[in-house]
Amino acid sequence: MTRIGDEGEQDLVRGIQRGDRVAMKLLYCRYAGCLTAVCSRYVACMDDVRDVLQDCFVKIFTSIHGFEWRGEGSLRGWMVRIVVNESLKFLKRDRQLESLGDGWDVPDTVEDEPDAGDIPSEVLQEMICRLPAGYRAVFNLYVFERKSHKEIAAMLNIKESTSASQLHRAKAVLAKEVQRYKAQVNGR
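In UniProt numbering, the protein residues as written are 1 to 188.
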């Protein structure tokens, strides 16, 4: 390998496939922050995020021989898919996805979706993290991973209509949170 930091994705993959520990460390350092952010969109507790990420990196390093490089960005995309899938497995294993929709009083309609553009992204992320696990999983898969309700239903073993209602409820809860935040910021 050349200087640390100059390697492209393809060079990193080749190095890891050869067992190069420097390449492994570089991949970890380069992508741990991004993959932590992806995982924390699904898994609320940071201790659990660390555990899931550890499993993800083990899977990444043991599965890298089957990875097919398809251009710059393909490695990152492959790792993000692993993190999303492992996060969902964790939620299922931890039984956090069993009660999709229980215990939250949410209106059937969202009057006007408030503009969240002026709210700091960290605050929005905290709002998303406070959603119930089922709402959060569907919301993240739909909004960030751009999955259809059909794909979400297959991934979570639920009906398409359940996916759609979970997304609607997640948006309604987030709309209330945004309104509450704006009222607090504006002193009302």
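In this text, a Cβ means the ideal position worked out from N, Cα and C, and glycines have one as well.
Rounded straight-line distance, which links the Cα of residue j to that of residue i
{"i": "Asp20", "j": "Leu75", "result": "17 Å"}
{"i": "Arg30", "j": "Gly8", "result": "11 Å"}
{"i": "Glu145", "j": "Val22", "result": "30 Å"}
{"i": "Val80", "j": "Gln184", "result": "35 Å"}
{"i": "Gly71", "j": "Asp11", "result": "12 Å"}
{"i": "Leu26", "j": "Val13", "result": "11 Å"}
{"i": "Leu88", "j": "Ala164", "result": "18 Å"}
{"i": "Lys147", "j": "Leu141", "result": "6 Å"}
{"i": "Glu177", "j": "Ala44", "result": "17 Å"}
{"i": "Glu86", "j": "Asp118", "result": "32 Å"}
{"i": "Glu151", "j": "Cys56", "result": "22 Å"}
{"i": "Met155", "j": "Ile60", "result": "20 Å"}
{"i": "Trp69", "j": "Gly187", "result": "52 Å"}
{"i": "Gln179", "j": "Gly66", "result": "47 Å"}
{"i": "Val58", "j": "Gln125", "result": "27 Å"}
{"i": "Thr62", "j": "Pro120", "result": "37 Å"}
{"i": "Trp78", "j": "Asp115", "result": "33 Å"}
Span of the alpha helix (DSSP H), counted from its first residue to its last, around residue i
{"i": "His149", "result": "149–156"}
{"i": "Ile64", "result": "It is not in any alpha helix (DSSP H) - Ile64 carries neither H nor E in the DSSP assignment."}
{"i": "Asp11", "result": "9–17"}
{"i": "Cys34", "result": "21–42"}
For residue j and residue i, believed in contact at Cβ under 8 Å, the rounded distance
{"i": "Tyr135", "j": "Arg93", "result": "The pair is not a contact, with the Cβ atoms about 19 Å apart (cut-off 8 Å)."}
{"i": "Arg41", "j": "Ile128", "result": "7 Å"}
{"i": "Val123", "j": "Tyr28", "result": "Val123 to Tyr28, Cβ: 29 Å. No contact."}
Own chain, CB closer than 7 Å to residue i, minus 5 neighbours either side, in chain order
{"i": "Ile64", "result": "Val13, Ile16, Gln17"}
{"i": "Met24", "result": "Ile16, Phe61"}
Sequence-distant residues of the same chain with beta carbon closer than 8 Å to residue i, five excluded per side
{"i": "Leu53", "result": "Ala32, Leu35, Thr36, Cys39, Val83"}
{"i": "Leu131", "result": "Phe139, Ala170, Val173, Leu174"}
{"i": "Leu91", "result": "Tyr42, Val43, Leu97, Ala133, Ala137"}
Spatial neighbours of residue i in its chain, beta-carbon cut-off 6 Å, leaving aside the 5 residues before and after
{"i": "Glu160", "result": "His149, Lys150, Ala153"}
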